[in-house]
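Here is the structure we will look at.
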Amino acid sequence: MTAQLFNVGQPLRSQQVKRILLVEDHYLNRLLLSDYLSYCGYDVQSLSEGSAFFSTIDKFQPDLMLLDLKLPDIDGYSLLKQVQQKPDLSKIPIIVVSAFAFKADRELALSLGARRYFVKPLKLKDLILTIEEELAFDQG
Numbered sequence: 020m021t022a023q024l025f026n027v028g029q030p031l032r033s034q035q036v037k038r039i040l041l042v043e044d045h046y047l048n049r050l051l052l053s054d055y056l057s058y059c060g061y062d063v064q065s066l067s068e069g070s071a072f073f074s075t076i077d078k079f080q081p082d083l084m085l086l087d088l089k090l091p092d093i094d095g096y097s098l099l100k101q102v103q104q105k106p107d108l109s110k111i112p113i114i115v116v117s118a119f120a121f122k123a124d125r126e127l128a129l130s131l132g133a134r135r136y137f138v139k140p141l142k143l144k145d146l147i148l149t150i151e152e153e154l155a156f157d158q159g
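Each step along the sequence shown adds one to the number in this note's numbering, with nothing skipped, and position 30 is 49.
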């Protein structure tokens, strides 16, 4: 009797699938990032605005968050501040993905607890490498 132990076309994952919360108001950006992250093996939950941010964190329990700073209902900086005030959430790595390209925007986001900062348009490969680094660092 034989059994197929591996699907040759898919990578062998010895760890639990990591969960990423994506907060992006622009529909096409959200769709592209969500699909690409799913393709790369992540479990992705997407939000188009910040109103359900904290309830989604409670339910989804993300390992990492991708956050746009310009949202229709709340400022991304405000979400960063609120996350840092919650000790149980402040250890979740946050990577900002924003169209704000000024140095001051980057510095403010990093000072408010973001681990990394990407300016749109971004290279998806660089984002994935950064996500992997942050998740590996978070485990170590």
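Every residue, glycine too, gets a C-beta built ideally from N, C-alpha and C.
For Q104, the three-state secondary structure derived from DSSP is coil. If you draw a straight line from the Cα of G95 to the Cα of Y136, it comes to about 13 Å. If you draw a straight line from the Cα of K100 to the Cα of G132, it is about 8 Å long.
By the CB criterion at 8 Å, I39 and L66 fall outside the cutoff. For the options V115, V36, D44 and K37, the alpha carbon positioned closest to that of S130 is the one of V115. Checking the DSSP bridge columns, you'll see K142 has no partner listed. Where S117 is concerned, the enclosing beta strand (DSSP E) starts and stops at I113 to S117. Within the segment 33-101, the complete alpha helix (DSSP H) segments of 4 residues or longer fall at 46-58 and 72-79, listed in chain order. Residue burial annotation: A120 is exposed, with fewer than 16 other C-beta atoms found within 10 angstroms of its C-beta.
In this structure, D44 lies near P91, with their beta-carbon atoms less than 8 Å apart. A direct Cα-Cα distance of roughly 18 Å separates E68 from A128.
Closest in C-alpha terms to S53, from the list L146, E152 and A155, comes L146.
A straight-line Cα-Cα distance of about 13 Å links P106 and I76. Cβ neighbours of L85 within its own chain (closer than 6 Å, five residues either side excluded): L41, I114 and V116.
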